[in-house]
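Data block below; observations after.
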Amino acid sequence: MAEASRATESRLSTASLDSVRALTETGLSIHDAGTLMSLSVQRVSQLARG
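In terms of the working numbering, the sequence shown is numbered consecutively and its last residue is 60.
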(Lines of atoms letter the chains of each structure in order from A and count residues from 1; the text may use other names and numbers.)
(Lines give C-alpha, C1' and ligand atoms only; values in the text may rest on other atoms or scores of the structure.)
Protein backbone atom coordinates (compact mmCIF):
# COMPACT_ATOMS: atom_id res chain seq x y z
CA MET A 1 0.00 0.00 0.00
CA ALA A 2 2.79 2.41 0.90
CA GLU A 3 4.42 1.73 -2.46
CA ALA A 4 1.26 2.62 -4.34
CA SER A 5 0.81 5.85 -2.43
CA ARG A 6 4.45 6.79 -2.99
CA ALA A 7 4.07 6.22 -6.73
CA THR A 8 0.89 8.32 -6.75
CA GLU A 9 2.63 11.01 -4.73
CA SER A 10 5.53 11.25 -7.17
CA ARG A 11 3.11 11.40 -10.10
CA LEU A 12 1.18 14.14 -8.35
CA SER A 13 4.27 16.16 -7.56
CA THR A 14 5.45 15.85 -11.16
CA ALA A 15 2.05 17.02 -12.35
CA SER A 16 2.15 19.87 -9.84
CA LEU A 17 5.58 20.96 -11.01
CA ASP A 18 4.42 20.85 -14.61
CA SER A 19 1.36 22.94 -13.84
CA VAL A 20 3.40 25.43 -11.80
CA ARG A 21 5.78 25.72 -14.75
CA ALA A 22 2.85 26.27 -17.10
CA LEU A 23 1.35 28.86 -14.76
CA THR A 24 4.60 30.78 -14.39
CA GLU A 25 4.96 30.78 -18.18
CA THR A 26 1.52 32.36 -18.42
CA GLY A 27 2.65 35.18 -16.19
CA LEU A 28 1.62 33.99 -12.75
CA SER A 29 4.12 34.96 -10.10
CA ILE A 30 6.14 32.31 -8.29
CA HIS A 31 4.36 33.31 -5.09
CA ASP A 32 0.93 32.69 -6.60
CA ALA A 33 2.10 29.37 -8.03
CA GLY A 34 3.46 28.35 -4.63
CA THR A 35 0.17 29.27 -2.97
CA LEU A 36 -1.78 27.24 -5.51
CA MET A 37 0.57 24.33 -5.11
CA SER A 38 0.29 24.29 -1.32
CA LEU A 39 -3.50 24.44 -1.63
CA SER A 40 -3.53 21.50 -4.02
CA VAL A 41 -1.16 19.56 -1.74
CA GLN A 42 -3.51 20.20 1.20
CA ARG A 43 -6.45 19.03 -0.89
CA VAL A 44 -4.66 15.85 -1.93
CA SER A 45 -3.74 15.18 1.70
CA GLN A 46 -7.38 15.57 2.72
CA LEU A 47 -8.47 13.17 -0.02
CA ALA A 48 -5.79 10.68 0.94
CA ARG A 49 -6.93 10.72 4.56
CA GLY A 50 -10.48 10.09 3.39
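A virtual CB, placed ideally from N, CA and C, is assigned to each residue, including glycine.
Is it true that the CB of residue j sits closer than 9 Å to the CB of residue i?
i          : j          : result
residue 54 : residue 27 : no
What are the boundary residues of the alpha helix (DSSP H) that residue i is part of?
i          : result
residue 36 : Segment: none, residue 36 is in no alpha helix (DSSP H) and carries neither H nor E.
### Query
Does the segment 34-46 touch the segment 14-22, meaning 3 or more C-beta pairs lie closer than 8 Å?
no
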